[in-house]
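S.K.: Everything in the sequence shown is counted per the working numbering, starting at 357 for the first residue and increasing by one.
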Amino acid sequence: MTTPTIELKPSSTPLSAAEREAILANPGFGRHFTDHMVTIKWTEGRGWHDGQLVPYGPLSLDPATNVLHYAQEIFEGLKAYRQPDGTVATFRPDMNAKRFQHSAWRLGMPELPVETFVEACDALVQQDRDWVPAHGGEESLYLRPFMIATEVGLGVKPGNEYLFIVIASPAGAYFSGGVKPVSIWLSEDRVRAVPGGVGDAKTGGNYAASLLAQAEAAAKGCDQVAYLDAVEHKWVEELGGMNLYFVYGNKIVTPTLTGSLLAGVTRDSLLQVARDLGYESEEGRVSIDQWQADTESGALTEVFACGTAAVITPVGTVKRASAEWTQSGGEAGEVTMRLREALLDIQRGKTADQHGWMHKLG
Ligand SMILES: *Cc1c(COP(=O)(O)O)cnc(C)c1O
357 MTTPTIELKP
367 SSTPLSAAER
377 EAILANPGFG
387 RHFTDHMVTI
397 KWTEGRGWHD
407 GQLVPYGPLS
417 LDPATNVLHY
427 AQEIFEGLKA
437 YRQPDGTVAT
447 FRPDMNAKRF
457 QHSAWRLGMP
467 ELPVETFVEA
477 CDALVQQDRD
487 WVPAHGGEES
497 LYLRPFMIAT
507 EVGLGVKPGN
517 EYLFIVIASP
527 AGAYFSGGVK
537 PVSIWLSEDR
547 VRAVPGGVGD
557 AKTGGNYAAS
567 LLAQAEAAAK
577 GCDQVAYLDA
587 VEHKWVEELG
597 GMNLYFVYGN
607 KIVTPTLTGS
617 LLAGVTRDSL
627 LQVARDLGYE
637 SEEGRVSIDQ
647 WQADTESGAL
657 TEVFACGTAA
667 VITPVGTVKR
677 ASAEWTQSGG
687 EAGEVTMRLR
697 EALLDIQRGK
707 TADQHGWMHK
717 LG
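1. Looking at ligand 1, does it come within less than 7 Å of E594, judged from the CB to the closest heavy atom?
2. CB L730 to CB Y604, shorter than 8 Å?
3. When we look at the beta-carbon of S616 and count the other beta-carbons within 10 Å, is it buried (16 or more) or exposed?
4. Should V550 be counted as a contact of ligand 1 given a C-beta to heavy atom distance under 7 Å?
5. Rounding to the nearest angstrom, what Cα-Cα distance links M721 and T506 in this structure?
6. Helix, strand or coil: which one does DSSP assign to Q428?
7. Would you say E375 and L700 are within 8 Å of each other, going by their C-beta atoms?
8. 8 Å is my cut-off, CB to CB: does V522 come that close to chain C?
9. Looking at the unbroken beta strand (DSSP E) that takes in G560, where does it start and where does it end?
10. Is T622 a contact residue of ligand 2, with contact defined as CB to any heavy atom under 7 Å?
11. At a threshold of 7 Å, does M598 count as lining ligand 1 (C-beta to nearest heavy atom)?
12. Here's the rule I'm using: 16 or more other beta-carbon atoms within 10 Å means buried, otherwise exposed. How should M357 be labelled?
13. Hey, would you say the C-beta of G561 is under 7 Å away from at least one heavy atom of ligand 1?
14. Looking at F389: is its Cβ nearer than 8 Å to the Cβ of S525?
15. Tell me whether W713 sits in a helix, a strand or coil according to DSSP, three-state version.
16. Using 10 angstroms around the beta-carbon of L499, count the other beta-carbons present and answer buried if the total reaches 16, otherwise exposed.
17. Answer with buried or exposed for A436, where buried requires no fewer than 16 other C-beta atoms within 10 angstroms of its C-beta.
18. Hey, quick one: how far does the alpha helix (DSSP H) through E377 stretch, first residue to last?
19. In chain order, what residues of the same chain have a beta carbon less than 8 Å from the beta carbon of H425, not counting five sequence neighbours either side?
20. Taking DSSP's pairing of strands, which residues face W398 in a bridge?
21. Got a sec: does ligand 1 put a non-hydrogen atom nearer than 7 Å to the Cβ of K706?
22. Tell me V659's beta-bridge partners as DSSP assigns them.
23. Under the criterion of a Cβ to heavy atom distance below 7 Å, does G386 qualify as lining ligand 1?
24. For the alpha helix (DSSP H) containing Q570, name the first residue and the last one.
25. For ligand 1, any of its heavy atoms closer than 7 Å to the Cβ of G615?
26. Considering only DSSP beta bridges, list what A727 is partnered with.
27. Tell me whether G705 is buried or exposed, calling it buried when 16 or more other Cβ atoms sit within 10 Å of its Cβ.
28. Nearest to Q482 by CA position, among L497, H491 and K397, is which residue?
29. Please report the straight-line C-alpha distance between L618 and S459, rounded to a whole angstrom.
30. The beta strand (DSSP E) that contains S539, what's its start and end?
31. Along the chain, where does the alpha helix (DSSP H) containing T748 start, and where does it finish?
32. Are at least three pairs of beta-carbons, each pair with one atom in the segment 400 to 411 and one in the segment 362 to 382, less than 8 Å apart?
33. Which residues bound the beta strand (DSSP E) around T669?
34. Check whether the segment 682 to 695 and the segment 552 to 562 touch, using three or more Cβ-Cβ pairs below 8 Å as the test.
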């Protein structure tokens, strides 16, 4: 397998340091993008080729481009953090690269070699390293690798042309002014993913399909939707873009990867970080009724959601059609916050990287 080297064609008109600093002072999430992007093409017969780092800018696509009609698209999300010595490191990029291959396989797309995925991310972070926020806080540079089907035509088939792109966006602290618990709508009718479907692939279609439920949740005063399994409508799976953890005193439990859940890198990391801190951690099944009953009995002490963007988000209130309750008094729980700090400390280089998770970029 050939690994394309990325040809550097940087912008001659990057933002000035003053303009960049003004953005970094209050970046929000996904609102601003760095000066560059990386693109790599794939064509049948030729494979991956033409890797380039170019100025960030619009794509020009024929209106009949396949992705615009049949949504053959996959994406990833990972972060680069400024380390105490001023260098930059990304968190477990190999995990994202492998998941990207899995998503590609599931959507009938070509699999980008793991080392090429990591090389593309590295090239962009190196070039736009001044966009990585200063060390210390929760701020980071969020990387968004994605791939689209670029063959022109309305025929429905796996295409013979694809485009892989990486863009980067500075991300502020997810919660400005302290970690704020979210409210959850437990959806007992709408589902996110089905057995044999694409729930374990990171594809835009899963998000498009979640927007109506998200709007319905918002109308009920909730921030996020928690989905149940599609067969029994009983087993808790995950949120639209985050995995879930249930805290039972000293033990944390996350729903087992059944094939309709997305295998989060944060989820996987927390199984380990919890053990490192002396908690028990396991994968298991939690039903919607058990969630409610264990909260009422006091056995279930905290609930939190996790994902790259927000790291860990405490769950404060939960609503289902027949009931409503609060978790840990509607406050961020103690175990939740300890795990959050511990994981963030590894990512920003404040504690030792025992598991070799940080990918240093010099
Ligand atoms: C991306 C994503 C997650 C979180 O995965 P991380 O690798 O931890 O960011 C969880 N659920 C869904 C549906 C996702 O798309």
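Just so you know, even glycine gets a beta-carbon here, dropped at the ideal spot from N, CA and C.
M.R.: With the given structure in hand:
1. yes
2. Given a span of 357 to 718 for the chain in the structure shown, any question on residue 730 remains unanswerable.
3. buried
4. no
5. Because residue 721 is not part of the residues shown, which for the chain are 357 to 718, the question remains open.
6. coil
7. no
8. This model lacks chain C altogether, as it is built from one protein chain only.
9. First-last for G560: G560 to A564, but that is the alpha helix (DSSP H), not the beta strand (DSSP E).
10. Here the bound small molecules are ligand 1; ligand 2 is not part of this structure.
11. yes
12. Because M357 sits at a pLDDT of 48, beneath the cut-off of 50, its placement in the model cannot be relied upon, and the point is left open.
13. no
14. yes
15. coil
16. buried
17. buried
18. A373 to A381
19. L510
20. W404 and Y518
21. no
22. F602
23. no
24. L567 to A575
25. no
26. For the chain, the structure presents residues 357 to 718; residue 727 sits outside this window and is missing.
27. buried
28. L497
29. 10 Å
30. V538 to S543
31. As shown, the chain starts at 357 and ends at 718. That puts residue 748 outside it, with no answer to give.
32. yes
33. V667 to R676
34. no
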